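Structure record follows, encoded as structure tokens.
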Amino acid sequence: MSRRFSLLPALIGAAMLAFAGAASAQSQGAVEASFQQWLAAKVVPDAKKAGVSQGTLNAALAGLTLDWKLPDLAPPGAPKGREEPQRQAEFSGPARYFNEAKLAGLTTAGRARTQQWSKTLAAIEKRYGVPASILVAIWGRESGYGAAKIPYPAIRTLATEAFMGARKASFYPELIAALQILEGDHIPLSEMRSSWAGALGQPQFMPTKYLTTAVDFDGDGRRDIWESVPDVLASIANYLKQNGWEPGVGWGVEVVLPAGVACSLEGPDQGKPLAQWEAMGIRTVDGKPLAGRNGKRIGHLMMPAGRHGPAFIVSKNFYILKTYNNSDLYALFIGHLGDRIRGGGAIRGTWDDVGGFKRSDVRAMQERLTARGVDVGNVDGLVGYKTRIAIGEWQQANGRADTCFPDAALLKAIR
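Spelled out as structure tokens, the structure:
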């Protein structure tokens, strides 16, 4: 859901080089001319059908040109089927995601923002049932509590991606939605800024999500997720509520996993009552019983680095956080940062130094396993929970100690 808006200079440079040759096959001038024809023949009629007035279209599209500096472009003439860029050439392990200095800074700032906006956060939590600490954590992660720059004109960015992006089909509805926002939400064109991937404002909502989720909590008649902190926080809360957030339930807790409990029991499809996990010997890192007062509540084992990192038992709400950004590490970061904003401490388990392989190495292993009928999730080179489970089950079947996480040698060995 969410899009990171760090520019990734190396990626952008590589992307520009990748389509520089394509531009020679069809000049930029010719592409720009085709773009104008596309706007007139397709975008304008479709936007009008969606309720966008001619006046709004005139203002939004006047003088509009393509942004050739965006990453992940596939302009006319570019070779098809090119491999997705490896945004991280050498995999360095999940530990990098939990940089302590960054977490400490976000924690300190988050506590200050929680105090500053305490009344607003209390009113939002009462209405939507989402804890203030979770809302502040997402706010901090997405935009540094509003301090991060959101530099791109949203219409130009979305129009470029919808016309010649590598994933243009997914961006076209977002362009139409952005024009609808201009029509109905009283957001000036100059203020509608986005990330390079078209995500809007401090919560980093894609336009279609803005239309269904953004909230005017300060009552000024605008759903202003760029400047209004009450609108930002309430919109995040509304998003989580719409996706099924369960009030009064924590996201999860760090645990100690006994050696005899298979790490391949991880994931949202293998939930068990907390009392059952406890009977298997799992305890919190403080040594406290896991079940507490509700042993029937379902929990899920979550180990983003397999046995090379900390283990957690998480609730349904952890997976609601994943709807915001479909990443175990993201959801864990938000849950953990929220705990720290409320006064909690650092993660107790250690992250091993794992890595030394590329995303393409993981993808090749996933392809081999998929050919054998193994469910690895998406064949995308990412070490998601289904890939971790598949690795653990392969290790067990081949008489190896289960780690549920790859290394360079293991990626080659798994057949």
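Using mature numbering (1 follows the signal peptide of the UniProt record, and there is no 0), the letters of the sequence shown map in sequence onto residues -25 to -1, 1 to 390. Cβ atoms here follow ideal geometry from the backbone N, Cα and C, with glycine treated the same way. Just so we're clear, the structure is a prediction, and the values are computed from it rather than from any experiment.
Taken in chain order, the complete beta strand (DSSP E) segments of 3 residues or longer contained in the stretch 249 to 305 are 273 to 277 and 286 to 289. Contact between the stretch 130 to 143 and the stretch 79 to 93 is absent, with fewer than three C-beta pairs closer than 8 Å. Asp328 and Ala70 have their alpha carbons spaced roughly 8 Å apart.
Annotated three-state conformation of Pro46 is coil, per DSSP. Secondary structure of Phe10 (DSSP, three-state): helix. Restricting attention to Ser165, Arg142 and Gly115, the CA atom closest to the CA of Leu36 is found in Ser165.
Scanning Trp326, Glu202 and Val228 for the CA closest to the CA of Asp261 turns up Val228. Residue environment for Ala97: exposed (fewer than 16 other C-beta atoms within 10 angstroms of its C-beta). Gly85: member of the alpha helix (DSSP H) spanning Glu75 to Gln91, first to last residue.
By the Cβ test, the stretch 261 to 276 is in contact with the stretch 243 to 252, since at least three Cβ pairs between them sit closer than 8 Å. Between the C-alpha atoms of Ala286 and Leu344 there is a straight-line separation of about 25 Å. In the three-state reduction of the DSSP assignment, Phe180 falls in the strand class, which pools E and B. In the structure shown, Val231 falls within a strand segment according to DSSP collapsed to helix, strand and coil. Around the beta carbon of Glu202, fewer than 16 other beta carbons lie within 10 angstroms, which makes this residue exposed. Residue Val349 holds the alpha-carbon nearest to the alpha-carbon of Glu368 among Val349, Gly359 and Asn353.
Fewer than three Cβ pairs drawn from the stretch 19 to 37 and the stretch 112 to 128 lie within less than 8 Å of each other, which leaves the two stretches out of contact. Pairing Arg258 with Asp193, the inter-Cα distance amounts to about 43 Å.
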